[in-house]
Amino acid sequence: MKTLNTVNCEVMVAPSLVPGEHQIFVCGEDAGAKEQVTGMLGEFGWPAHRVLDLGGIASSRGVEMFLPLWLDLMRTLGKTHFNLEFHTGN
Numbered sequence: 008m009k010t011l012n013t014v015n016c017e018v019m020v021a022p023s024l025v026p027g028e029h030q031i032f033v034c035g036e037d038a039g040a041k042e043q044v045t046g047m048l049g050e051f052g053w054p055a056h057r058v059l060d061l062g063g064i065a066s067s068r069g070v071e072m073f074l075p076l077w078l079d080l081m082r083t084l085g086k087t088h089f090n091l092e093f094h095t096g097n
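In this note's numbering, the protein residues as written are 8 to 97.
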């Protein structure tokens with residue numbers, strides 16, 4: 008399982024620090040483990056509809072590549088409390 012590595016440690020456990028309907032990712036092979044992790048995320052304040060399942064653990068490679076962008080955003084914004092919010096079109 009992979010989750011919680013695209014946000015600051017404070018936002019991990021208190022997503023309300025960032026306004027809006029921003030999302031968190033999960034990656035993993037085991038459906039039961041994903042269910043448990045989604046429940047844990049819910050306890051932290053992440054509603055299930057804001058948990059994006061990216062599929063198997065191989066997807067974690069893409070999530071891990073987010074770090075260089077996260078660091079650039081932190082320097083540009085001058086803050087660590089931020090996250091991404093995704094919207095889809097038709």
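Glycine is no exception: its CB is placed at the ideal position from the N, C-alpha and C atoms.
Q | Nearest-angstrom Cα separation, counted from K9 out to V33 | A | Between V33 and K9, the C-alpha separation is close to 6 Å.
**Q.** Beta-carbon gap between F93 and V14 smaller than 9 Å
**A.** no
Q. In chain order, what residues of the same chain lie with their CB nearer than 8 Å to the CB of F51, ignoring the 5 residues before and after it?
A. M19, V20, A21 and P22
Q. Opposite C16 in the DSSP bridges: which residues?
A. Looking at the DSSP output, C16 sits in no beta bridge, so it has no partner there.
Q) Under a Cβ-count criterion, where at least 16 other Cβ atoms within 10 Å of its own Cβ denotes burial, should L84 be classed as buried or exposed? A) exposed
Q | Coil, strand or helix - D79 by DSSP | A | helix
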